[in-house]
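Under the numbering used here, the letters of the sequence shown match residues 355 to 615, in that order.
From the three backbone atoms N, C-alpha and C, an ideal C-beta is built for every residue, glycine too.
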Amino acid sequence: MAKDQTVLFHSTIFGPIHSRRLGVSLGVNLMPDDGKVCSFDCLYCEAGFNAQGTGTTGLPAPQAVEKALRAKLSAMHDAGEPLDVITFSGNGEPTLHPRFEEIIDTVIKLRDEFYPDAKVSVLTNSTRIFDPSVARALTKVDNNILKLDSAVEETMQLIDRPSSKDFTVEKVVEALKQFKGTGIIQTMMLRGQHDGVTVDNTTDTEINALIEAYKAIEPEEVMLYSIDRSTPEEKLIKIERPELDIIADKIRSHGIKVQVN
Ligand code: SF4
């Protein structure tokens, strides 16, 4: 755990990674191979803080994504390897790619060609859902996983540290309603300290605010998760499974479907 933690993925296509939760997942990183580009700078980001810089390789062109993904899927298919999901994540926020929708269309086409039963998942921080093209692209994927870490403005600012001053809880909750019944809201539960300030989105006030937000958004489901790997802010505490289960039950009591990871 170190403040000098840097990016995890050094290519556009990575994996496949085998996980109990997702099965066999092939990753797509639309951000640089050697730097991070994100509109948040979360205290818990596995890719490290934005201060590490944006690297030198730039964002991959859609043609390069298509070529690399086709080669990988073709090789996996020829080898008889299974694939459960193609997941957009990586060194930052995938929807910041200016040609995100075009790439989504291409990836869906390749999925249909090689692994028609595999899902396409996007992990997004929700900062770009105000853009019609991004929102449209997200409605095309199987798992549209949207971040909402706190429904309390001050806490969201502390944890996620959005780069735009225009980004607020109020605005994002309103925009998230467009994915009513189809979006999956992902919330990282954590406690800790940053620069001497206490950060905690597990208090009753926080959970009650989240429940109100979830009720307004009406997602397909809520996904609660906790810190899994080292974090750039070292003073964060992993919320253990029993506590996550208690929080999940409280949210479920309001008729909201919750998955705990
Ligand atoms: S939104 Fe994701 S990539 Fe961006 S800083 Fe937060 S955890 Fe890292």
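Item to check | Residue interval of the beta strand (DSSP E) (run including V506) | outcome: Note, V506: premise wrong, no beta strand (DSSP E); not H, not E.
Checklist entry - L450 and S373: beta carbons closer than 8 Å? => result no
Checklist entry - Sorted by chain position, which residues of the same chain lie with C-beta nearer than 7 Å to M355's C-beta, five sequence neighbours on each side aside? => result With a pLDDT of 43 at M355, under the threshold of 50, the modelled position of that residue is not reliable, and the figure given next carries that caveat. Correct list, in chain order: S584, T585, E588.
Checklist entry - Apart from the five residues on each side of it in sequence, which residues of its chain come closer than 7 Å, Cβ to Cβ, to F468? => result L427, S428, H431
Next on the checklist: Which same chain residues end up closer than 6 Å to L564 when comparing Cβ atoms and leaving out the 5 residues on each side of it in sequence?
Outcome noted: A505
Next on the checklist: Tell me whether the stretch 552 to 562 and the stretch 517 to 536 touch, counting them as touching only if at least three CB pairs, one residue from each stretch, are closer than 8 Å.
Outcome noted: no
Item to check | Endpoints, the beta strand (DSSP E) within which S365 is located | outcome: No beta strand (DSSP E) holds S365; DSSP gives it neither H nor E.
Item to check | Residue nearest to I593 in terms of C-alpha spacing, selected from R545, I605, V419, I610 | outcome: R545
Checklist entry - Under three-state DSSP, which class holds Q359? => result coil
Checklist entry - Can I390 and T408 be called in contact, C-beta distance under 8 Å? => result Residue identity differs from the one stated: residue 390 is Lys in this sequence, not Ile. Going by C-beta atoms, K390 is nearer than 8 Å to T408.
Next on the checklist: Rounded to whole angstroms, what is the Cα-Cα separation between G388 and L413?
Outcome noted: A small fix is needed here, since residue 388 is Asp in this sequence, not Gly. For D388 and L413, the distance between alpha carbons rounds to 10 Å.
Next on the checklist: Could you tell me the alpha carbon to alpha carbon distance between R595 and K531, rounded to whole angstroms?
Outcome noted: 29 Å
Checklist entry - Sorted by chain position, which residues of the same chain lie with C-beta nearer than 6 Å to I483's C-beta, five sequence neighbours on each side aside? => result A489, A529
Checklist entry - Per DSSP, which one or two residues make a beta bridge with I642? => result Residue coverage of the chain in this structure runs from 355 to 615, which leaves residue 642 outside it and unanswerable.
Checklist entry - Based on Cα-Cα distance, which residue from P470, Q547, F533 lies nearest to S480? => result F533
Checklist entry - Is it buried or exposed for P486, if we count other Cβ within 10 angstroms and need 16 for buried? => result exposed
Item to check | Backbone CA spacing between R465 and Q547 [nearest angstrom] | outcome: 42 Å
Item to check | Separation of D471 from G402, as counted between CA atoms | outcome: 33 Å
Checklist entry - What three-state label does DSSP hand K534 in the structure shown? => result coil
Checklist entry - Helix, strand or coil for V495 per DSSP? => result coil
Item to check | Beta-carbon separation (whole angstroms), Q613 vs E560, contact threshold 8 Å | outcome: So it is not a contact: roughly 19 Å between Cβ atoms.
Checklist entry - Near M510, which residues of its chain fall below 7 Å by C-beta distance, leaving aside the five closest residues on each side in sequence? => result D503, S504, V523
Checklist entry - If V378 sits next to P436, beta carbons under 8 Å apart, how far is it from one beta carbon to the other, in whole angstroms? => result 5 Å
Item to check | Minimum C-alpha distance to D496 - residue among D514, P516, S580, K473 | outcome: K473
Checklist entry - Does the Cβ of A405 lie closer than 7 Å to at least one heavy atom of the ligand SF4? => result no
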